[in-house]
Each structure stands twice: as C-alpha cells, then as structure tokens.
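Asker:
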Ligand SMILES: Cc1cc2nc3c(=O)[nH]c(=O)nc-3n(C[C@H](O)[C@H](O)[C@H](O)COP(=O)(O)O)c2cc1C
C-alpha cells in the first residue's frame, strides 16, 4: 500500500482482540511519534504506555472513555506546555503531530488505533502519573489488534471545493460538523466531570456505546 492509500484507508478502531502487543511494536510506533515536527524543535512530549488493566480501569473511573478498558495498550501523550507562543498553543499542535504520526504508523503495521480525547480532568491525570504541572495531558491513543473491525475508512463529509479556498476563505455558508447547542453541551461536559463515580461511569458507558454505534466499530 502506498502512502496515500494508507492515509485514505486508515480508520479509528474501537474494538480490539485481547492479544498483547510486543514492546518492539509499541516503541516503533512511539518512535514515529517522536519524529513528528515540534514547535521550536522542543520535542517536549512524554509518552506513557499503559497496559496494566487496573490502571486503565482507574483512568475510566476518573472519567476517561469506557473503550480505554478494552484496548490492550493505551499511550497517553503529555507535552511540556511552557511555550512562548501564547496565541497558538503550539505545544498542542506538536503533540497532535506526534499523535497523527503514531496513528499512521499503527495503520502501516496492521494494528488498530483510536485517538481519544475523552479523558479524565487534566489535574487528575497529572496526579495519577505524578507528572509535573507543566506537562499537559493532550490525548491518548488506543492500540491493539483489530477484532474483526471493518477496514474501510469513514467517508469524508465535505468535497474539497467546500473546504479549500485559494487566496480566500473557503465557502463560509457551508456548515462544518461542529455541534449545535454548543453552550449547553459544554456545560454538560463540565457537569459530567464533576459527577460522583457511579453516575459518571453510567453516563460514560452510555456515551461510548453511542460512539461505537455511530462510527460502526
Ligand atoms: C482530537 C480527536 C479526539 C478524538 N476523541 C475521540 C474520543 O474521545 N473517543 C472516540 O471514540 N474517538 C475519538 N476520536 C476519533 C474520531 O471520532 C474519528 O477520528 C472520527 O470519527 C473520524 O473517523 P476516522 O478516524 O475513522 O476517520 C478523536 C479524534 C480526534 C482527532
């Protein structure tokens, strides 16, 4: 498969077989992440590989996505947020570049992966992993062998002509996939994080079931 075919056939995988993954493979993927560009070449990432079931359960208990429990490996990406670029949060961009490299590396190796930002509150993750305050949890990547999941990519929602503008902003009238009722949905998320364990878990399982249904895997 050539590079462009790989990009177009990659898709998020949320169902995994319990088969474990060798550290060689995990490190190959993380190394691909560490070869991403980073703002000012700071390379301020830290990768936390979680394969202990109890630790995954703890991340779920704190409000992280329910699918975290079913992935053999979860790679949390932290990044040093001491940037001078206060306008563009370039540390998040650098971490995202690493994430994307890792997703593509996993696809190249025939593994399933999913980018997850449904994670516990940052202060809780920092506490769990004893990370200094200036390391910010950015995202997690689930990793594992696919469990009979489909290989076909999710169709793209918008034709190029709608999203590309030459010397001008592309079609302003065209909607993006951003949710309606943004204010209420943001409020709901804030409340979710403050719920006690039991109701949070219930809601969390429900959210993820819907995700898996919506994205058909
Ligand atoms: C920043 C970011 C955050 C995401 N967070 C989640 C998540 O919390 N849970 C999840 O199931 N998928 C998550 N995804 C995966 C998206 O749902 C997925 O990329 C999207 O539906 C398109 O599908 P595809 O990756 O198969 O092309 C996330 C993706 C990105 C880029």
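In the working numbering, the protein residues as written are 51 to 267. Where is the CB? At the ideal position from N, CA and C, for every residue including glycine.
#1: Express the C-alpha separation of residue 228 and residue 213 in angstroms, rounding to a whole number.
#2: Here's the rule: buried if 16 or more other CB atoms are within 10 angstroms of the residue's CB, otherwise exposed. What is residue 191?
#3: State yes or no: is the C-beta of residue 193 within less than 8 Å of the C-beta of residue 148?
#4: Within 10 angstroms of its Cβ, does residue 252 collect 16 or more other Cβ (buried), or is it exposed?
#5: Would DSSP call residue 114 helix, strand or coil?
#6: Tell me whether residue 61 counts as near ligand 1, meaning its Cβ is closer than 7 Å to at least one heavy atom of that ligand.
#7: Whose CA, out of 130, 117, 111, lies closest to the CA of residue 182?
#8: Could you tell me whether any non-hydrogen atom of ligand 1 is closer than 7 Å to the CB of residue 165?
#9: Measuring CA to CA, which of 67, 141, 241 is closest to residue 90?
#10: Answer yes or no: the CB of residue 211 versus the heavy atoms of ligand 1, is any distance below 7 Å?
#11: Does the Cβ of residue 236 have 16 or more other Cβ atoms within 10 Å, making it buried, or fewer, making it exposed?
#12: Apart from the five residues on each side of it in sequence, which residues of its chain come closer than 6 Å, Cβ to Cβ, to residue 255?
#13: Nearer than 7 Å: is that true of the beta carbon of residue 195 relative to any heavy atom of ligand 1?
#14: With burial defined as no fewer than 16 other Cβ atoms inside 10 Å of the residue's Cβ, what is the status of residue 152: buried or exposed?
#15: Rounded to the nearest angstrom, what separates residue 244 and residue 195 at their Cα positions?
#16: Residue 95: which of 62, 57, 59, 188 sits nearest, CA to CA?
Answerer: Taking the structure as given:
#1: 14 Å
#2: buried
#3: no
#4: exposed
#5: coil
#6: yes
#7: 130
#8: yes
#9: 141
#10: no
#11: exposed
#12: 116
#13: no
#14: buried
#15: 34 Å
#16: 188
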